[in-house]
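In my numbering, each number is its position in the sequence shown, counted from 1, plus 882.
For each residue, glycine too, the CB sits at the ideal point set by N, CA and C.
Bear in mind the structure is a predicted one, so any value in this text is a computation, not a measurement.
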Amino acid sequence: SLLLCAAQLSRSGFSHTASSRRAAAQLPTTMPIPPAHCVINEASIKAATGQFDLESVYKLQMPHMGIRKIEGLSLLPNLTELDLSSNHISKIEGLEKLEQLKKLTLANNEISKLQNLSSLASLESLRLDGNKIANVDAVRCLEHLPSLRSLHFAASPDATAADERNPLCDHPAYRTAVRRILPALAA
883 SLLLCAAQLS RSGFSHTASS RRAAAQLPTT MPIPPAHCVI NEASIKAATG
933 QFDLESVYKL QMPHMGIRKI EGLSLLPNLT ELDLSSNHIS KIEGLEKLEQ
983 LKKLTLANNE ISKLQNLSSL ASLESLRLDG NKIANVDAVR CLEHLPSLRS
1033 LHFAASPDAT AADERNPLCD HPAYRTAVRR ILPALAA
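The following block contains the structure:
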């Protein structure tokens, strides 16, 4: 097919010269364009939810938006579900005012440390699969979440792909250790 391509180019008057190489270098590539960096603020929340009264927002889904920092959520005092999966978040922060939050999804980000979750007393479900959490002892910061019943460090119990699990899942007894630290988790 390479010879056929070269022959077709020759017949069409296109010869392989230095100028043709320069022209080829200027052709558009098919590389995907990364999403623009998104900031969580009043405008982006209204756009994502279609709600103008932010006190009426109970569920916020902003996956795949290029978000790097969790911020601006204090505008949502009644939020019960938050999905910030598949962004570029490296630090858990900005959740302190979400006293009603029951479900938090931070899967497929760049989080390596569990922190700033102690104020989420209503939190029942936490999804962290596909991050960079490596230390089983990091789970201890979740001991003070009385409502937590569901915790995911891997997309499924038999997930093998690195983007579906955290490095701590490679520890042979990580499930046993997590259950010992958090006995109230559902089976």
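Residue range of the alpha helix (DSSP H) that includes residue i
| i | result |
| --- | --- |
| S870 | Summary: the structure shown does not reach residue 870, with the chain confined to residues 883 through 1069, and so no result is reported for it. |
| R1057 | 1056-1063 |
Counterpart residues of residue i in DSSP-defined beta bridges
| i | result |
| --- | --- |
| E963 | K941, K985 |
| S1007 | K985, S1032 |
| R1047 | A1036 |
Residue closest to residue i, alpha-carbon to alpha-carbon, out of the options
| i | options | result |
| --- | --- | --- |
| S938 | K951, P959, G948 | P959 |
| H1034 | V1060, K928, S968, R1022 | V1060 |
| N1013 | S1001, R1022, R1047, L1027 | R1047 |
| I949 | R1031, A925, D1011, C920 | C920 |
| L1030 | A1020, A1037, D1019, R1009 | R1009 |
| I952 | D935, I927, L936, Y940 | I927 |
| L1027 | L1064, V1018, P1054, Y1056 | L1064 |
| P1054 | V1018, A929, Y940 | V1018 |
| A1068 | S1032, S1038, A930 | S1032 |
| A1066 | G932, Y940, L1024 | L1024 |
Whether residue i touches residue j by CB criterion (8 Å)
| i | j | result |
| --- | --- | --- |
| I974 | N990 | no |
| L966 | P945 | yes |
| L1005 | L983 | yes |
| L942 | L961 | yes |
| N923 | M947 | no |
| A1003 | P1049 | no |
| K979 | L964 | no |
| V1021 | L986 | no |
CB-CB length for residue i against residue j, believed under 8 Å
| i | j | result |
| --- | --- | --- |
| S972 | I993 | 6 Å |
| D1052 | A1036 | No, D1052 and A1036 are not in contact; Cβ-Cβ is about 10 Å, not under 8 Å. |
Min CB distance residue i to chain D below 8 Å
| i | result |
| --- | --- |
| L1024 | As a matter of chain content, chain D is missing from the structure shown, which is built from one protein chain. |
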